[in-house]
Amino acid sequence: MGNWVDVGLIAVLNGVAIGLLLFIVAIGLSLVFGMMDVLNLAHGALFLAGAYLAWSIVGDRPTWIGWLAALAVAAAVGALAGGGLSLLTAPLAGRTHLEQALLTLGVALVGAELLSAAFGDDVRGVNPPPGLDGTVSVVGNAYPTYRLALIGVGAGLALALHLVIERTPVGALVRASVADRDMVAAVGIDVRRVRAGVFVAGSVLAVTAGVLGSPIYNARPGLDSTMLILALLVVVVGGLGSVRGALVAALLIGQIESTGRIVLSDLASFLLFGVLALVLVVRPRGLAAAPSGHRS
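Numbering (this note's numbering), first residue to last: -17 to 278.
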């Protein structure tokens, strides 16, 4: 019995770490979709780019300088990618999601192929920075220090995003644009700049999440599709444009991913989509969707 409790505790901690990482990835996608009404299927490729970026800069001998450099470059790459995607998708504003999906999916496929050509098809492992590469004792069980640190970073980012979105003028502008972009434009605010800023911020978070998640998932072909599916699940379950909903959904999916593979390893993937189906039946707009408004 005690062994099952220990295994369950480790699984719960892993679920929290994975959930908070998913939150960092998905919140940008949620805000972009909720605000711009653009389905960005290139989001997973941005995560993969961050993972390969971490491997190329950190290498086999990680240092704190290398890790900080990787995070800084990830922010720059994410900003450039977000700006580019914003320009590419701007002509599709107000058109169908299918057209947006085809465009961004094409960008994702091209990006993934370029990354495979540059780094090969082998799995590229990334080691945590010094001091976070060991284990600590959690109720008598060894647990990776890096995952505990990731929980702290993810929780800090979640709190920071909540405060920015809910308590600052910038956040109020973003929320107003999600609710009714036409009204925001009517008072003289350039909605295009706001939308571009959200796209850039979301892309920066996605690439940064790739760097942070590289010691857990490793950089490898196909990782982009895996992360995109999980991020879309978070967006649908949590509700468009909601920081709180994305956080709750990410933690829920993280737990299903972690504990589900221990309890029902053969059915873990089905559990994820089962939760999605249940939420769509009970709350079609998600657990905490932002107020809906007119979208141009």
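Note that beta-carbon positions come from the ideal geometry of N, C-alpha and C, so glycine has one too.
Query, Result
"If we count Cβ pairs, one from each stretch, closer than 8 Å, do we get three or more for the region 180 to 187 versus the region 106 to 124?", "no"
"How close, in whole Å, do the beta carbons of GLY221 and GLY227 come, if the pair is a contact with beta carbons under 8 Å?", "4 Å"
"Of all the options THR150, ILE238, TRP49, which has the alpha carbon lying nearest to the alpha carbon of PRO197?", "TRP49"
"Would you report the Cα separation of TRP37 and LEU253, rounded to the nearest angstrom?", "32 Å"
"In three-state DSSP terms, what is PRO197?", "helix"
"If you measure between the beta carbons of VAL225 and ILE6, is that distance less than 9 Å?", "no"
"Taking the alpha-carbon of ASP115 as reference, which of VAL166, ALA142, THR45, ILE147 has the nearest alpha-carbon?", "THR45"
"Kindly list the residues whose CB is nearer than 7 Å to the CB of SER207, restricted to its own chain and excluding five residues on each side of it in sequence; keep chain order.", "GLY26"
"Going residue by residue through the region -14 to 47, where are the continuous beta strand (DSSP E) segments of at least 3 residues, counting only ones entirely within it?", "none"
"Rounded to the nearest angstrom, what separates VAL257 and LEU215 at their Cα positions?", "9 Å"
"In the DSSP assignment, find the unbroken beta strand (DSSP E) run with ALA124 in it and report its ends.", "123 to 126"
"Tell me SER240's beta-bridge partners as DSSP assigns them.", "Note: SER240 sits in no beta bridge, so no partner."
"Below 8 Å CB to CB, which residues in the same chain sit around PRO112 once its five sequence neighbours on both sides are set aside?", "PRO44, THR45, TRP46"
"Going by DSSP, what residue range makes up the beta strand (DSSP E) through SER119?", "117 to 120"
"Measure the CB-CB distance between GLY32 and GLY195 and report whether it falls below 9 Å.", "yes"
"Pair every Cβ in the region 49 to 67 with every Cβ in the region 182 to 193, then say whether three or more of these pairs are closer than 8 Å.", "yes"
"In this structure, what does DSSP give as the bridge partners for ARG106?", "ALA201"
"Exposed or buried, what is PHE29 when buried is set at 16 or more other beta-carbons lying within 10 Å of its beta-carbon?", "buried"
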